[in-house]
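Protein chains in written order, with this note's numbering: chain A, -13 to 201; chain B, 28 to 630.
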C-alpha cells in the first residue's frame, strides 16, 4: 500500500501531507512532474500555490506532463485526493465538475471551520458517519465552489458561509467516489497538539479501504 | 556632503560617478548603520554576526531569527513594500541554511492599511511559511510613517549552519534567483531619508514575486543539503554590491565581480545599475569552482537563473568589471565600514508617572485570518493569545513574539523601551518558555536633530538585556521615519525567542479566571513576578500577560476555541503594571491574587 504526494513548483503543503500519510502508517514518496504514478495506490495533489497561482489557480499545473499520468491512474481506478490547490488542479483537469472562484470576501481566509459529512461511503470518508459535524482548517483565497450541472457528489459542506460556495459545498467526489477534491486541510488536523484530530479519520479511511481492496 | 569629504580623503582623489552611486548605497544608514553601530557594539550579544542570529534549541537544532523593517517602501507602496519586506527577511534566515518556519509582524499604523496586510499575506501564504502572529498597534503617531517590521525564524541542524562569508581565495560567488532589473535602485538610500524627499517615488520600490521566492527556498536548501554552499548572503539592500562586498569583507578577502554575467531582466542596463539594483528573490552563494556547475544546475531545475559572477581573491580589493572595462576598484574595507556618528551617553531618570495613551482596541483577527498561520503543521498555539508556540517535528519547540511600547516611549524613551523588554520576558514565560535571546528593530525619527531619544532607547535595551540576562542575536535599524521633519515616537520592537517543550504547553479550557500581581509597577518586584509566572504555568495554569490585561483579540481567540470569557469587571491598572490573567481552577500564591470570573465552554 503506497502513497505519493505530487510536488508541483509552488506546492507548499507537500511536506505536511507527507507527514500526515506517514503518521497513519502509509509508505509515502514525493513525486515530481516527470515521474510515473504506476507504483502508487493513492495519489495526493497537495495544497499550495502551484506556479504562483499565475494565470488561474491550478491552471498551469493541470497542463503539466504529470497530468497524463494522473489520467492513466484515474482509468485504473486509483484513489486520487486533491486538497486545496490540489482540488483546484483536479477541477482544471476536468476530473471533477464545477469551478473554484475567488472567495466572495475577496480575501484569503485561514481558520478552523465546522463541516458536515454529506457522504460517508466514499473510500475517503468511511470512518465518518453521515451528517456528522467535524472541524478542519481552511486556508485559501480561491475556494468559492460554483456548481456546473446537477450531478455533483457532495462529500463535505460548511456549516456556515466561509467563502460564498454554492450550497456551502467544501468537498466533492467523482461519481465512482475514487477522486476527492476538498478545500479544507485534513492533513492539518491529525494531531491534538495542533488543535484537532478530525482529519485523521480521512487518512485512516483510505488506509482501511486500500487494505480491504487488496484482500 | 560630509561623507563625500570623508570619501575623498580616504580615496585620496575625487570619487568617480560609479563610486558615488556605490558609496551612497553602502554608506547609507540602511546598510552602514552609521548612527547606531556605536550603540549596537555595546549590547550583550549571543549568536550574532551572520545574516541572522542563531541560538541553540536542543543541542541538535539551532533557531535562526531576525527582524527587519520595511517602513519606507510600505509608506509609498503598501502592497509591494510590505510583501518584499517578508521576502527579504525570509532570505536572511534562509541564507544561514535554515528552513524558514515562522513569520511574525509588528505593524504600527493610523488605521489598518489593507495593502500592507495583503502584501504580507499574499507573500507569506504563497511561499508556505506560516505567519503566526505579531502585534497590531493602531495610533495616529504613524499616519505618515507606518511601521512594517517583519520577523522570521527558521530551524537548522547546527552542522548545516552556513557562514555569511567567503573563507578562502579561489572560491567563486554564484548569484541565483530572478533576473536583475531596474527596480529598487537606491532603495537603501531612500530608506534613510525623510519621506518628503524627492527619492520617495515608486521607482525606489522593489516588486515581489513569491513564486520565485518559494523556488529559491527549495533550491537553496537543496544546495545546502548537497554540501555545495560554503557561504551565503541574500541580495537585499545594495544588491550585488553589498552582498558580494560583505561576503568577502567578513573573510578579510577581496573580489573580482563581472557585471556582464549577471542574468538581466532588462537588457539595456548600465553597469552601475546592475551593481546596485535591489531586484528581489536573489541569493549569493559562495562555492568552489568545481561545485559551481551543480549550484547553477539546481537553480535552473527550480526555474531560476544563475551565473558565476565573482571570484574571491586574496588581496582585499573590490574590483568590478563589465567585460574588459574596470567599473570600480576600491579597498573592500572602505565599502563596508561606513563613517560612524558619535554616540551619546544617556543617564536615565527615575521611573516616570506614565499617562494612559492607549492604542485602539481592534480585534487583530481581521488581520490574522488573512495569514495562513497553520501551513507547516507546527503551530501549537495560534495567534491572538500572546506569543506563538511552534514545535520542531522530532522533539523540541520554541516560542516567538514581537512586542513594543511606543505609547510609553513617546513619554520616556528609556523606560518605555525597558518596560517593553520586561513585558516580552513575561509573555515568553506565560507560555511556559524559557527566554533565549532577542532580535530588535530600532524604529526612529531623525537622529541628527534628536540624538537623545535614540541614545535613551539604546541604553534601555542594553540595561534591560543585562537586567534579564538575555542577549541580542540580531537586529535592524530604520531611522528617518519622519514626514515634513516630524518623527515617530521611538519605537523599539523586540522579537523574543524562547525554548519550550511543545507537548507541555498549557491551553485554555473551562476554568476559573484570576488576576495575579500588582496594578502598578515597581522594578524591584519584577523578578519575583517572573518566579510567580513560572510557578503558575508549571502548575497547569494558562496565562495571558498583556498591557491591558485582556483585549478584544484575546476574547475572539478564546471564542474561536469554543470558549467564552465571563468576567464581571477587570481591575483598573496603570499604563505599566505587574499583573496577569490566569485560567485555572485554584491558586495558592504568596503574592496578591483574586478570582474575577470564569471561562465557559460555548454550545
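Beta carbons: idealized from backbone N, C-alpha and C, even for Gly.
Burial state of residue 245 of chain B (16 or more Cβ within 10 Å):
buried
Can you round the beta-carbon distance between residue 198 of chain B and residue 269 of chain B to whole angstroms, since I take them to be within the 8 angstroms contact cut?
Rounded, the Cβ-Cβ distance is 18 angstroms, inconsistent with contact.
Starting from the C-beta of residue 185 of chain B, find all residues in its chain whose C-beta is less than 6 angstroms away, skip the five residues before and the five after it, and write them out in chain order.
89
Pair within 8 angstroms by beta-carbon distance, residue 271 of chain B and residue 311 of chain B
yes
Throw me the rounded Cβ distance for the residue 174 of chain B and residue 96 of chain B pair, which I believe falls under 8 angstroms.
7 angstroms
Could you pull out every unbroken alpha helix (DSSP H) segment of at least 4 residues lying fully inside the region 79 to 143 of chain B, listed in chain order?
98 to 103 and 105 to 122
Taking residue 73 of chain A as the reference, which of A:-5, A:92 and A:45 has the closest Cα?
A:45
Give the secondary structure of residue 484 of chain B by DSSP, where H, G and I count as helix, E and B as strand, and everything else as coil.
helix
Taking Cβ to Cβ, would you say residue 381 of chain B is nearer than 8 angstroms to residue 603 of chain B?
yes
Buried or exposed: residue 44 of chain B, going by 16 or more other Cβ atoms within 10 Å of its Cβ?
exposed
Measuring alpha carbon to alpha carbon, tell me which residue in A:56, A:76 and A:170 is nearest residue 103 of chain A.
A:170
Length at least 4, wholly inside the region 236 to 307 of chain B: the alpha helix (DSSP H) runs in chain order:
237 to 252, 266 to 277 and 298 to 303
Using C-beta distances below 8 angstroms, list every residue in its chain close to residue 599 of chain B, excluding the 5 sequence neighbours before and after it, in chain order.
546
Nearest-angstrom Cα distance between residue 283 of chain B and residue 84 of chain A?
57 angstroms
Determine contact between the region 397 to 413 of chain B and the region 494 to 513 of chain B, defined as no fewer than three beta-carbon pairs at a distance below 8 angstroms.
no
Applying a beta-carbon distance threshold of less than 8 angstroms, which residues of chain A neighbour residue 399 of chain B?
94, 96 and 125
Pull out every residue of the region 26 to 39 of chain A whose Cβ sits closer than 7 angstroms to any Cβ of chain B, in chain order.
34, 35, 37 and 38
Please decide whether residue -2 of chain A counts as near chain B, where near means a Cβ-Cβ distance under 8 angstroms.
yes
Using DSSP with H/G/I as helix, E/B as strand and the rest coil, what is residue 420 of chain B?
coil
8 angstroms Cβ cut-off: residues of chain B touching residue 5 of chain A:
404 and 420
N-terminal and C-terminal residue of the alpha helix (DSSP H) that residue 365 of chain B is part of
Premise fails: residue 365 of chain B is in no alpha helix (DSSP H) and is neither H nor E.
Residue 525 of chain B and residue 573 of chain B - do their beta-carbons sit closer together than 8 angstroms?
no
Chain A contacts made by the region 152 to 181 of chain B, where a contact means CB separation under 8 angstroms:
152, 153, 154 and 155
Name the residues in the region 101 to 114 of chain B whose C-beta lies less than 9 angstroms from a C-beta of chain A; which are they?
none
Of the choices A:40, A:1, A:11 and A:81, whose alpha-carbon is the least far from that of residue 161 of chain A?
A:81
Using the rule of at least 16 other Cβ atoms within 10 Å of the residue's Cβ for burial, across every protein chain shown, is residue 486 of chain B buried or exposed?
buried
Pick from B:488, B:167, B:236 and B:82 that is closest to residue 37 of chain A, judged by C-alpha positions:
B:236
Beta strand (DSSP E) segment containing residue 165 of chain A, residue limits:
165 to 168
For residue 425 of chain B, the nearest candidate out of B:442, B:285 and B:405 (CA to CA)
B:405
So what's residue 333 of chain B in DSSP terms, helix, strand or just coil?
strand
Taking contact to mean at least 3 C-beta pairs separated by less than 8 angstroms, is the region 112 to 127 of chain B in contact with the region 446 to 459 of chain B?
no
Secondary structure, beta strand (DSSP E): runs of 3+ residues fully inside the region 34 to 98 of chain A:
65 to 69 and 85 to 87
Residue span of the alpha helix (DSSP H) that contains residue 176 of chain A, given as start and end
Note, residue 176 of chain A: premise wrong, no alpha helix (DSSP H); not H, not E.
What distance in whole Å lies between the Cβ atoms of residue 293 of chain B and residue 346 of chain B, which are believed to be in contact at a cut-off of 8 angstroms?
Contact flag wrong, Cβ pair sits at about 25 angstroms.
Taking only beta carbons into account, state which residues of the region 120 to 148 of chain B come closer than 7 angstroms to chain A, listed in chain order.
148
DSSP three-state call for residue 24 of chain A: helix, strand or coil?
coil
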